[in-house]
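What follows is a set of notes on a single structure, which appears directly below.
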Amino acid sequence: WQEREHLREVCLDALRRLAALLGRFGQWPKSVQYLRRALRLDGLREELHRDLMFALWASGRRDEALRQYQACKEILRQELDVEPLPETRRLLERIRESPRPP
171 WQEREHLREV CLDALRRLAA LLGRFGQWPK SVQYLRRALR LDGLREELHR
221 DLMFALWASG RRDEALRQYQ ACKEILRQEL DVEPLPETRR LLERIRESPR
271 PP
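Pasting the structure below:
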């Protein structure tokens, strides 16, 4: 069990780093793919939801980014009975205010 959890964490970290690297090179659609894979492994990681929201926004898929916030909010409420963190809500407001990141 411990080894499996360790490998899962390594995989999640690798997917998140790869998504960030692709984003730095402007390859947002690929970044979105890797972040979705990571969320399939652990849908309760709010930082992954935030990363995906930003990647969707950066790739011009603003409506999807807004829907991703709702998905994040719903899963956090259902599974953990918590609301999204302030940084997630701030990102939501930034997405609402602008069609693309500055």
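Just so you know, the working numbering puts 202 at position 32 of the sequence shown, and the rest follows in order with no gaps. Here a beta-carbon is modelled for each residue, glycine too, at the ideal position from N, C-alpha and C.
TODO: Out of ASP183, GLU267 and PRO256, state which residue places its alpha-carbon closest to the alpha-carbon of LEU211.
DONE: Taking the first residue of the sequence shown as 1, we reach residue 211 at position 41. The residue with the shortest Cα to Cα distance from LEU211 is ASP183.
TODO: Let me know the secondary structure DSSP gives ARG260 once reduced to three states.
DONE: Locating residue 260 in the sequence shown gives position 90, counting from the first residue. Under the three-state reduction of DSSP output, ARG260 falls in the helix class.
TODO: Kindly give me the distance between the Cβ atoms of ASP231 and LEU261, rounded to whole angstroms, as I take these residues to be in contact under 8 angstroms.
DONE: For the purposes of this step, residue 231 is identified with residue 61 of the sequence shown, where counting begins at 1. For the purposes of this step, residue 261 is identified with residue 91 of the sequence shown, where counting begins at 1. The question names Asp, but residue 231 in the sequence shown is Arg. Contact flag wrong, Cβ pair sits at about 14 angstroms.
Open item on the list: Taking its Cβ as the centre, do 16 or more other Cβ atoms sit within 10 Å of SER268, making it buried, or is it exposed?
Closed with: Within the sequence shown, residue 268 is the residue found at index 98, counting from 1. Label assigned to SER268: exposed.
TODO: Measure the alpha-carbon distance for ALA208 versus LEU218 and round it to whole angstroms.
DONE: The sequence position of residue 208 within the sequence shown is 38, counting from 1. The sequence position of residue 218 within the sequence shown is 48, counting from 1. ALA208 and LEU218: Cα-Cα distance of roughly 7 angstroms.
Open item on the list: For VAL180 and ALA190, I'd like the C-alpha separation in whole angstroms.
Closed with: The residue labelled residue 180 in the question sits at position 10 within the sequence shown. The residue labelled residue 190 in the question sits at position 20 within the sequence shown. If you take the alpha carbons of VAL180 and ALA190, they lie about 15 angstroms apart.
- [ ] Kindly indicate which residue of LEU177, ARG259 and ARG174 has the alpha-carbon position closest to the one of GLN240.
- [x] Here the question's residue 240 lines up with position 70 in the sequence shown. Here the closest residue by C-alpha is ARG259.
Task: Continuous alpha helix (DSSP H) stretch holding LEU192: start and end - done: The residue labelled residue 192 in the question sits at position 22 within the sequence shown. Looking at the DSSP string, the run of the alpha helix (DSSP H) that includes LEU192 is 172 to 194.
TODO: Report the three-state DSSP secondary structure of ASP233 (helix, strand or coil).
DONE: Walking along the sequence shown from the start, residue 233 turns up at place 63. Residue state, collapsed to three classes: helix.
TODO: Please determine, among GLU216, GLN248 and TRP227, the residue with the shortest C-alpha to C-alpha distance to PRO256.
DONE: Counted from its first residue, the sequence shown places residue 256 at position 86. Nearest option by C-alpha distance: GLU216.
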